[in-house]
Amino acid sequence: MKKVLSISLGSASRDHTTEAEFMGQHFWLSRQGTNGDFKRYVQRFAEEDGQVDAFGVGGTEFFVWVNKRRYYLREAKQVRKAIKLSKVGDGNGIKHLLAPLSIQALAEHGIKLKGKKALKTTAVDRYGLAKALVDAGCQVTFGDFMFALDIPIAMHSLRQVHGLAAVLLPVVTQLPFKMLYPLGEEQDKQPSPKYSRFYEEADIIAGDFLQVWSYLPDDLSGKIIITNTTTERNVEELQKRNLHILVTNTPRLNGRSFGTNVIEAMCRCLIDKPDNEITEDDFKDIIARVPLKPQVHVLN
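Residues in the sequence shown are numbered from 300 upward in steps of one, following the numbering used here.
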């Protein structure tokens, strides 16, 4: 049995463990949160190194990828140094490959995206999904300033996103991650209505689920959400809010869709190469062979 352990900076209330089979290999998959305790977070990677086949890096990532440029997060370097034996995925290897498949899955369900209004919580976090929405002909509002910095400024083009990334990411990536993303108990808070008008204007809401949740309005009638990690409780909450369609970039396993860091770690176990020799073509091959497909759920 292959063991994949995702250690997360997030709340332990979102923990989940299951078993699944991919390409004839039996996997144990587990997400375990550290409630925002960064010291404990790094320590756990060091303790479990070599005890599992691959790690998922949850709650943060090694770098942010925007417009073919990487911006490395200072704090995440400590995690990378702690891992010497096990393979490791932070999601960056596959999330830009899975994003267009979510758009394709909606098209296969007869949903035309051209001309629809979309809210992308942060483009710099999932640039592949932001670009896929633009390429599909959506009118996209990018909420990077709002969702990452709590500044009420909306952007409406990838050119603006590129400018933001070039100017701010070299600085922002040096900050503690807790200043940029909800961690620990912050993940369990009820949504604030602060930026709800941007949701109300959108046909499609896309991005990291915890960012999507942070300002989620009570009524989501007729809307589509494209996201990543969702628990059974999250799906129930969305259904209560009358969400029309939920699309998760990764498959649901035992009631939960895992983050791309877990799925990337699983893929790395299936590729018979050292981490530093694995290429994008290797990931594309595994995605097609597993196959890894987004899940489209009609809730209401």
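Even glycine gets a Cβ: it sits at the ideal position worked out from N, Cα and C.
Item: In this structure, does DSSP put Leu474 in helix, strand or coil?; Value: coil
Item: Hey, Leu463 and Met454 are a contact pair by Cβ (cut 8 Å); roughly how many whole angstroms apart?; Value: 7 Å
Item: Among His395, Ile410, Leu405 and Asp434, which residue has its Cα nearest to the Cα of Val423?; Value: His395
Item: Going by C-alpha to C-alpha distance, which of Thr420, Leu474 and His408 sits closest to Glu374?; Value: Leu474
Item: If I'm right that Glu499 touches Lys416 with Cβ under 8 Å, what's the distance once you round it to whole angstroms?; Value: No, Glu499 and Lys416 are not in contact; Cβ-Cβ is about 10 Å, not under 8 Å.
Item: Quick one: what's got a C-beta closer than 7 Å to Phe508's C-beta in the same chain, skipping five residues either side?; Value: Thr526, Asn527, Thr528, Thr529 and Asn533
Item: Is the Cβ-Cβ distance between Ile245 and Phe557 less than 9 Å?; Value: The first residue shown for the chain is 300 and the last is 599, placing residue 245 beyond what the model contains.
Item: Span of the alpha helix (DSSP H) holding Thr559?; Value: Thr559 to Leu569
Item: Here's a check: name, in chain order, each residue in its chain whose Cβ is nearer than 6 Å to the Cβ of Val275, leaving out the five neighbours to either side.; Value: Residue 275 is absent from the structure shown; the chain starts at 300 and stops at 599.
Item: Anyone know if the C-beta pair for Val378 and Cys568 falls short of 9 Å?; Value: no
Item: Looking only at its own chain, which residues have a Cβ that is under 6 Å from the Cβ of Asn366, when we skip the five neighbours before and after it?; Value: His461
Item: Identify every residue that forms a DSSP beta bridge with Arg373.; Value: Answer by DSSP bridge pairing: none, since Arg373 is not bridged.
Item: Between the Cα of Glu320 and the Cα atoms of Glu536, Val356 and Leu328, which residue gives the shortest distance?; Value: Leu328
Item: From Val363 to Tyr370, what distance separates their C-alpha atoms?; Value: 5 Å
Item: Note the first and the last residue of the continuous beta strand (DSSP E) segment covering Gly355.; Value: Ala353 to Gly357
Item: Could you have a look at Lys454 and say whether DSSP puts it in helix, strand or coil?; Value: Per the sequence presented here, residue 454 reads as Met, with Lys not at that position. Of the three classes helix, strand and coil, the one that applies to Met454 here is strand, per DSSP.
Item: Gly332 bridges to which residues according to DSSP?; Value: Ser307
Item: Counting only runs that start and end within the segment 483-556, where is the alpha helix (DSSP H) found for 4 or more residues in a row?; Value: 495-500, 508-513 and 531-539
Item: Bridge partners of Gly592, per DSSP?; Value: The sequence as given places Lys at residue 592; Gly does not occur at that position. Note: Lys592 sits in no beta bridge, so no partner.
Item: Suppose the cutoff is 7 Å on Cβ atoms and the five residues either side in sequence are ignored; what does the same chain contact list for Lys430 look like?; Value: Leu457
Item: Going by DSSP in three states, Gly462 sits in which element: helix, strand or coil?; Value: helix
Item: Go through its chain and collect everything with a Cβ distance to Glu563's Cβ below 6 Å, but skip five positions before and after it.; Value: Gly388, Gly390, Gly392 and Ile393
Item: Compare the beta carbon distance of Gln594 and Val561 with 9 Å and say whether it is the shorter of the two.; Value: no
Item: With DSSP collapsed to three states, give me the class of Glu318.; Value: strand
Item: Which first and last residues belong to the alpha helix (DSSP H) in which Phe444 is found?; Value: Asp443 to Leu448
Item: In terms of residue numbering, what span does the beta strand (DSSP E) encompassing Gly388 cover?; Value: Lys386 to Gly388
Item: Can you tell me whether Leu598 is helix, strand or coil according to DSSP?; Value: coil
Item: Which of the three DSSP states, helix, strand or coil, is assigned to Val423?; Value: coil
Item: Roughly how many angstroms separate the alpha carbons of Ala311 and Leu552, rounded to a whole number?; Value: 18 Å
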